[in-house]
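All remarks here apply to the structure that follows.
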């Protein structure tokens, strides 16, 4: 961390990053060693700043004690929390993962480290953590950390630093403790903004949400029944009367089918090697319409104010539909495709896919053409 040592008393070493399953003294310029926790963490302030970044703020004027690049670090922290939620990892496990990533990489998806260490957790291909490409995927790296943590006998009774060390086997076993306060504040702040924090959100893919009475269009056809993820239902075609711009947006979105969700991903290269080029729900909408010549804002919270409101009972292909949260502040968005179908980037660990509209509890709908 640059410029932070004087304010929080962190002692910089000749940089150290710790990773993998053996002792690793790295040569990244970001690692630190400290015997105590980061002091003075204001949880309410952290929550406010985190919410701004996840709402789409640039992060340029946002300051979070302990983070020098919050616009980069907070989305990575959100991925770690979201992955933990999707795997039903308890809150403490998510805090351990955050504290570990803070120590190992400063919550940055590094392409370098000691020997072959890479990514958020500085995992090593040579130690069996996966390929270099896999480790650079924040979702994969988080999943691997959690899987190793959950195999540690009695981890929930350990301190944060003991549990982190049991996974990482670091040459600096006490270094994780300094991040516990900030990791705790971040976990609480992120969980409040992420729909997976609710008891029902993680189960949404396993059991359909009840649709709002009278809101779903009445078509049956390809939109009825379970649809294999990443596939197009047999017999579906974009309705002939669809607006040409909506047709372009739907066609572009369909080319992203099967690509994995990435919280904060730009959706500018969903099939590429960089996870941050993948789509989240709102960037899929933004980029699909960008390819149709329509400019949308970046987040679900702002897209719900785009265009004009329409009745969910009278949707047309290309309309945006919103769910989770509230009508004023929904937490998920998809695009209606006609024939009772919606294309969406659902959540962490899931691919861009087509779902029946009957699986949606529609809170709001917008026509952006």
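In the working numbering, the protein residues as written are 4 to 372. From the three backbone atoms N, C-alpha and C, an ideal C-beta is built for every residue, glycine too.
Mapping the DSSP letters down to three states, classify residue 248 as helix, strand or coil.
The residue you call residue 248 lines up with position 245 of the chain shown. If DSSP states are grouped into helix, strand and coil, residue 248 belongs with the helices.
Could you tell me which of 47, 246, 78 and 52 sits nearest to residue 283, measuring between CA atoms?
Start at 1 with the first residue of the chain shown, and residue 283 comes out as number 280. Ranked by Cα distance from residue 283, the options 47, 246, 78 and 52 are led by 78.
Residue burial classification, residue 64 (beta-carbon count within 10 angstroms, cutoff 16)
On the chain shown, residue 64 is found 61 positions in, with the first residue counted as 1. Answer is exposed; the Cβ neighbour count stays below 16.
Rounding to the nearest angstrom, what Cα-Cα distance links residue 359 and residue 230 in this structure?
Stepping through the chain shown from its first residue, residue 359 is reached at position 356. Stepping through the chain shown from its first residue, residue 230 is reached at position 227. Answer to the nearest angstrom: the Cα atoms are 8 Å apart.
Would you call the stretch 342-355 and the stretch 262-270 in contact, with 3 or more CB pairs under 8 Å?
The stretch 342-355 vs the stretch 262-270: in contact.
Which residue's Cα is closest to the Cα of residue 89: 353, 126 and 298?
On the chain shown, position 86 is the one that residue 89 refers to. Measuring from the Cα of residue 89, the nearest candidate turns out to be 353.
Which residues mark the beginning and the end of the beta strand (DSSP E) in which residue 367 is found?
Walking along the chain shown from the start, residue 367 turns up at place 364. Segment 367-370, the beta strand (DSSP E) holding residue 367.
Distance between residue 118 and residue 369 (C-alpha atoms, nearest Å)
The residue labelled residue 369 in the question sits at position 366 within the chain shown. The residue labelled residue 118 in the question sits at position 115 within the chain shown. The straight-line gap from Cα to Cα measures roughly 51 Å.
Starting from residue 108, follow the alpha helix (DSSP H) in both directions and report where the run begins and ends.
In the chain shown, the residue the question calls residue 108 occupies position 105. Start and end: 94-108.
How many angstroms separate the CA atom of residue 87 from the CA atom of residue 96?
The residue you call residue 87 lines up with position 84 of the chain shown. The residue you call residue 96 lines up with position 93 of the chain shown. Rounded to the nearest angstrom, the two C-alpha atoms are 8 Å apart.
What do you get for residue 335, buried or exposed, if any count of 16 or more other CB atoms within 10 angstroms of its CB means buried?
Within the chain shown, the letter at position 332 stands for residue 335. So residue 335 ends up on the buried side.
For the stretch 105-191, list the alpha helix (DSSP H) runs that are entirely contained and at least 4 residues long, ordered along the chain.
135-138, 141-153 and 163-171
Under 8 Å, with one C-beta from each stretch per pair, do the stretch 240-258 and the stretch 277-295 reach the 3-pair mark?
yes
With H, G and I counted as helix, E and B as strand and the rest as coil, what does DSSP make of residue 344?
Numbered from its first residue, the chain shown carries residue 344 at position 341. Note: residue 344 maps to strand in three-state DSSP.
Around the Cβ of residue 147, are there at least 16 other Cβ atoms within 10 angstroms (buried) or fewer (exposed)?
Taking the chain shown and counting its residues from 1, one reaches residue 147 at position 144. Residue burial annotation: residue 147 is buried, with at least 16 other C-beta atoms found within 10 angstroms of its C-beta.
On the DSSP bridge assignment, give the partners of residue 338 in chain order.
To locate residue 338, count along the chain shown from 1; it is residue 335. The bridge partners DSSP lists for residue 338 are 323 and 346.
Cut-off 6 Å between Cβ atoms - residues of its own chain near residue 245, not counting five sequence neighbours on either side:
Residue 245 sits at position 242 when you count from the first residue of the chain shown. Cβ neighbours of residue 245 beyond the five flanking positions: 320.
Straight-line CA distance for residue 184 to residue 318?
Looking up residue 184 in the chain shown gives position 181. Looking up residue 318 in the chain shown gives position 315. C-alpha separation (whole angstroms): 47 Å.
Have a look at 309, 103, 301 and 288 and flag the residue whose alpha-carbon is nearest the alpha-carbon of residue 340.
Position 337 of the chain shown holds residue 340. For residue 340, the nearest C-alpha among the options comes from 288.
If you draw a straight line from the C-alpha of residue 232 to the C-alpha of residue 285, how long is it?
Your numbering for residue 232 matches position 229 in the chain shown. Your numbering for residue 285 matches position 282 in the chain shown. If you draw a straight line from the Cα of residue 232 to the Cα of residue 285, it comes to about 19 Å.
For residue 123 versus residue 135, is the C-beta spacing smaller than 8 Å?
Residue 123 sits at position 120 when you count from the first residue of the chain shown. Residue 135 sits at position 132 when you count from the first residue of the chain shown. Going by C-beta atoms, residue 123 is not nearer than 8 Å to residue 135.
Leaving out five residues before and five after residue 56 in sequence, what residues of the same chain have Cβ atoms less than 8 Å from its Cβ?
Here residue 56 refers to the residue found at position 53 of the chain shown. Cβ neighbours of residue 56 beyond the five flanking positions: 62, 65, 73, 74, 77 and 78.
Let me make sure I understand the geometry here. Which of 94, 324, 235 and 128 has the alpha-carbon closest to that of residue 188?
To locate residue 188, count along the chain shown from 1; it is residue 185. Minimum Cα distance to residue 188 is reached at 94.
Helix, strand or coil, according to DSSP, for residue 292 in the structure here?
Locating residue 292 in the chain shown gives position 289, where the first residue counts as 1. Three-state DSSP puts residue 292 in a helix.
Using the DSSP secondary-structure output, state which residues sit across from residue 264 in a beta bridge.
The residue given as residue 264 occupies position 261 in the chain shown. 282, per the DSSP bridge assignment.
Taking just the CA atoms, how far does residue 113 sit from residue 80?
For this step, residue 80 is matched to residue 77 along the chain shown. For this step, residue 113 is matched to residue 110 along the chain shown. Rounded to whole angstroms, residue 80 to residue 113 spans 14 Å at the Cα level.
Tell me which residue opens and which closes the beta strand (DSSP E) that residue 357 is part of.
Sequence index remark: in the chain shown, residue 357 carries index 354 (1-based). 356-359 is the extent of the beta strand (DSSP E) around residue 357.
Alpha carbons only, please: which of 355, 174, 361 and 326 is nearest the one belonging to residue 343?
Start at 1 with the first residue of the chain shown, and residue 343 comes out as number 340. For residue 343, the nearest C-alpha among the options comes from 361.
Proximal residues to residue 164 (C-beta, below 8 Å), its chain only, five neighbours per side dropped:
Working through the chain shown from its first residue, we reach residue 164 at position 161. Correct list, in chain order: 102, 176, 177, 178, 179, 180 and 183.
For chain B, is any of its Cβ atoms less than 8 Å away from the one on residue 186?
Any reference to chain B falls outside this structure, which holds one protein chain only.
Separation of residue 116 from residue 29, as counted between CA atoms:
In the chain shown, the residue the question calls residue 29 occupies position 26. In the chain shown, the residue the question calls residue 116 occupies position 113. Residue confidence for residue 29 is low, a pLDDT of 34 falling below 50, so the modelled location carries little weight and cannot support an answer.
For residue 337, count neighbouring Cβ atoms within 10 angstroms of its own Cβ and tell me buried if that reaches 16, exposed if not.
Within the chain shown, numbered from 1, the residue matching residue 337 stands at position 334. It is buried - the Cβ of residue 337 has at least 16 other Cβ atoms within 10 Å.
Spatial distance of residue 226 from residue 193 (CA atoms)
Translated into the one-based positions of the chain shown, residue 226 becomes position 223. Translated into the one-based positions of the chain shown, residue 193 becomes position 190. With a pLDDT of 46 at residue 226, under the threshold of 50, the predicted position of this residue should be treated as unreliable, and no value is reported.
Euclidean distance between Cα positions of residue 260 and residue 290:
The residue given as residue 260 occupies position 257 in the chain shown. The residue given as residue 290 occupies position 287 in the chain shown. Each residue's alpha carbon lies about 14 Å from the other.
Considering Cα atoms alone, identify which of 356, 91, 357 and 330 is closest to residue 365.
As a working mapping, residue 365 is identified with position 362 in the chain shown. When each option's Cα is compared against that of residue 365, the closest is 330.
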